[in-house]
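K.L.:
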Ligand code: HPA
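In my numbering, the protein residues as written are 22 to 292.
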């Protein structure tokens, strides 16, 4: 149904005159990009019809509209996750809303576990592609024809031209960026070591509990995506230590400066 999306879009439009060109989704602990925005409007998710307040530690749960450089942007600072119990339509709602606000590109970020053993915590990874193992396709159900086709193509969900820009910005900043495949699960458990070994043989480089719904929503709407993962920890079984959300938070905090410089640099180039 397009109506709930249109209602949310109408609410956002009533709060801002800015027509954003670029959208950004900030993942766990990665909210500091917001500090670089010349903010025009902040809308807590709880105010937007159909959207839910964020519940995860490290997620702020607000839509920030403003400019970086001269580029009008909209930032989703915090996201809704499938593991929180939301339906996929709820998880995709705000991405669809900013899609309908007219963004031409989306930069999506997340915290992820490193499956590729050449990675280390603190690495930043350009997402080259994804494997959806969330157990559900976000577009299951009646197609919303106003948004896109019944059978969207996923061949270029993460187009090379955007990844090239990310590589160039990374190089300029002196950051060594990884590039790899993001595998998404529903969570909220972390994975078992056996699952991680299996995912490695499947070609996954990083694992997380988000992003795929937003990217699928964008592919449906024909909006190109650039994805950046912050490798916050090595995935289960890679190291002889247990996984904890605190490590995720600690690592995002440690790399916040580089991560923000990368994302802001990319946004300036995408203008
Ligand atoms: N697994 C799943 N999701 C994650 C991880 C992980 O190791 N790290 C951060 N998000």
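Ideal placement from N, C-alpha and C gives every residue a C-beta, glycine not left out. In this text the structure is predicted, and so the values were computed from the model without any measurement.
Give me whichever residues DSSP pairs with residue 59 in a beta bridge.
P.N.:
Looking up residue 59 in the chain shown gives position 38. For residue 59, which the question treats as bridged, DSSP gives the partners 88.
K.L.:
Go ahead and pull the three-state DSSP assignment for residue 271.
P.N.:
Residue 271 sits at position 250 when you count from the first residue of the chain shown. Helix at residue 271.
K.L.:
Along the chain, which unbroken stretches of the beta strand (DSSP E) at least 3 residues long are found entirely within the region 132-172?
P.N.:
The qualifying runs are 145-154.
K.L.:
Relative to the ligand HPA, what is the chain-ordered list of residues with a Cβ closer than 6 Å to any of its non-hydrogen atoms?
P.N.:
Result: 132, 133, 134, 211, 212, 228, 229, 230, 253, 254, 256, 264 and 269.
K.L.:
Just checking, does the region 27-47 make contact with the region 62-71 on the three C-beta pairs under 8 Å criterion?
P.N.:
Touching, yes, given that three or more Cβ pairs across the two stretches are closer than 8 Å.
K.L.:
Is it a yes or a no for the region 127-138 touching the region 245-252, going by three-plus beta-carbon pairs under 8 Å?
P.N.:
Yes, the region 127-138 is in contact with the region 245-252.
K.L.:
Between which two residues does the alpha helix (DSSP H) carrying residue 32 extend?
P.N.:
The residue you call residue 32 lines up with position 11 of the chain shown. 24-36 is the extent of the alpha helix (DSSP H) around residue 32.
K.L.:
State the CB to CB distance for the pair residue 178 and residue 236, rounded to an integer number of angstroms; the pair is presumed to be in contact (CB under 8 Å).
P.N.:
For the purposes of this step, residue 178 is taken as residue 157 along the chain shown, with counting starting at 1. For the purposes of this step, residue 236 is taken as residue 215 along the chain shown, with counting starting at 1. The pair is a contact, with the Cβ atoms about 5 Å apart (cut-off 8 Å).
K.L.:
Buried or exposed, going by whether 16 or more other CB atoms sit within 10 Å of the CB of residue 126?
P.N.:
Taking the chain shown and counting its residues from 1, the one referred to as residue 126 is at position 105. Buried, because 16 or more other Cβ atoms sit within 10 Å of the Cβ of residue 126.
K.L.:
If you check the beta carbons only, do residue 281 and residue 54 fall under 8 Å apart?
P.N.:
Within the chain shown, residue 281 is the residue found at index 260, counting from 1. Within the chain shown, residue 54 is the residue found at index 33, counting from 1. Yes, the Cβ-Cβ distance between residue 281 and residue 54 is below 8 Å.
K.L.:
What span of residues does the beta strand (DSSP E) with residue 186 cover, start to end?
P.N.:
To locate residue 186, count along the chain shown from 1; it is residue 165. Not the beta strand (DSSP E): residue 186 falls in the alpha helix (DSSP H), residues 181-193.
K.L.:
Give me whichever residues DSSP pairs with residue 65 in a beta bridge.
P.N.:
For this step, residue 65 is matched to residue 44 along the chain shown. According to DSSP, which records beta bridges pairwise, residue 65 is partnered with 83.
K.L.:
Comparing C-alpha positions only, which one of 108, 183 and 188 sits nearest to residue 161?
P.N.:
Indexing the chain shown from 1 puts residue 161 at position 140. Measuring from the Cα of residue 161, the nearest candidate turns out to be 108.
K.L.:
Counting along the chain, where does the beta strand (DSSP E) carrying residue 227 start and finish?
P.N.:
Here the question's residue 227 lines up with position 206 in the chain shown. Segment 227-229, the beta strand (DSSP E) holding residue 227.
K.L.:
Look up residue 205 in the DSSP assignment and say whether it is helix, strand or coil.
P.N.:
In the chain shown, the residue the question calls residue 205 occupies position 184. Residue 205 falls in the strand class under three-state DSSP.
K.L.:
What residue does the beta strand (DSSP E) around residue 297 start on, and which one ends it?
P.N.:
Look at the range of the chain in this structure, 22 to 292, and you will see that residue 297 is not part of it.
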